[in-house]
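Following my numbering, the numbering of the sequence shown begins with 457 at its first residue and continues without gaps.
The beta-carbon is built from N, C-alpha and C at its ideal position, and this holds for glycine as well.
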Amino acid sequence: MLITSHQNRAAKASGQQVNWQARRVKWLETLVTLFETIQSELIFAGVEPDHIQDTRHTITEESLGTYDAPGLMVQIGTGRVTFTPIGSVVIGGYGRVDVDGPRGSVKLIAVDADPYHDPADKTPLHQRTWTWQAYPDKARNGYVLDQEGLAKVLEQVLGNA
Numbered sequence: 457m458l459i460t461s462h463q464n465r466a467a468k469a470s471g472q473q474v475n476w477q478a479r480r481v482k483w484l485e486t487l488v489t490l491f492e493t494i495q496s497e498l499i500f501a502g503v504e505p506d507h508i509q510d511t512r513h514t515i516t517e518e519s520l521g522t523y524d525a526p527g528l529m530v531q532i533g534t535g536r537v538t539f540t541p542i543g544s545v546v547i548g549g550y551g552r553v554d555v556d557g558p559r560g561s562v563k564l565i566a567v568d569a570d571p572y573h574d575p576a577d578k579t580p581l582h583q584r585t586w587t588w589q590a591y592p593d594k595a596r597n598g599y600v601l602d603q604e605g606l607a608k609v610l611e612q613v614l615g616n617a
């Protein structure tokens with residue numbers, strides 16, 4: 457309740473009312489798109505389709521309730537990489553996915569695609585365009601999760617093997 461009340465208070469102060477149901481729908485749609493893109497990139501790079509498995513995760517968030525979210529598990533050589541959704545209500549973004557492998561972890565954070573949007577713009581979060589940034593373990597500066605960014609993420613969690 458504490459987090460929700462602070463978020464609602466902040467939304468009211470900015471003139472917005474948070475539609476948590478729409479936010480959850482947007483989050484789940486964004487996850488599906490993310491994992492479809494990752495699967496396509498991995499297959500294009502030569503990963504066998506049967507080495508990629510969809511996973512399901514039950515998440516409970518104060519604002520969004522309990523829901524099932526998609527994830528991904530990939531076998532690349534002898535290394536296993538998991539993409540696990542953590543939640544949509546996170547500080548500094550619209551959602552987080554943890555990527556874990558034998559050599560490390562990376563956090564993927566969904567952020568506003570327009571980092572310089574006008575503060576007077578009252579477009580609800582669920583109607584904004586989101587993009588993904590990758591943050592290596594304990595790093596403050598991230599990078600865009602595009603084709604090159606995905607390769608970097610995999611190198612960080614699998615090593616240079």
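{"Check": "Residues near Q495 by beta carbon distance below 6 Å, same chain, minus five either side", "Outcome": "I508"}
{"Check": "Through-space distance from S544 to I515, alpha-carbon basis", "Outcome": "10 Å"}
{"Check": "Distance cut-off 7 Å: G605 Cβ against heavy atoms of the ligand NAD", "Outcome": "This structure does not include the ligand NAD; it has no bound ligands of any sort."}
{"Check": "Local conformation of I499 per DSSP, three classes", "Outcome": "helix"}
{"Check": "Under the three-state DSSP convention, the category V567 falls into", "Outcome": "strand"}
{"Check": "Boundaries of the alpha helix (DSSP H) in which G605 is found, first to last residue", "Outcome": "603-614"}
{"Check": "Whole-angstrom distance between Q589 and I602, CA atom to CA atom", "Outcome": "A quick correction: the sequence has Asp, not Ile, at residue 602. Taking the straight line from one Cα to the other gives about 9 Å."}
{"Check": "Distance CB(G562)-CB(P592) smaller than 8 Å", "Outcome": "The sequence given here has Val at residue 562, not Gly. Cβ distance < 8 Å, so V562 and P592 count as in contact."}
{"Check": "T493 to F539 span [Cα, whole Å]", "Outcome": "13 Å"}
{"Check": "For D510, the first and last residue of its enclosing beta strand (DSSP E)", "Outcome": "508-517"}
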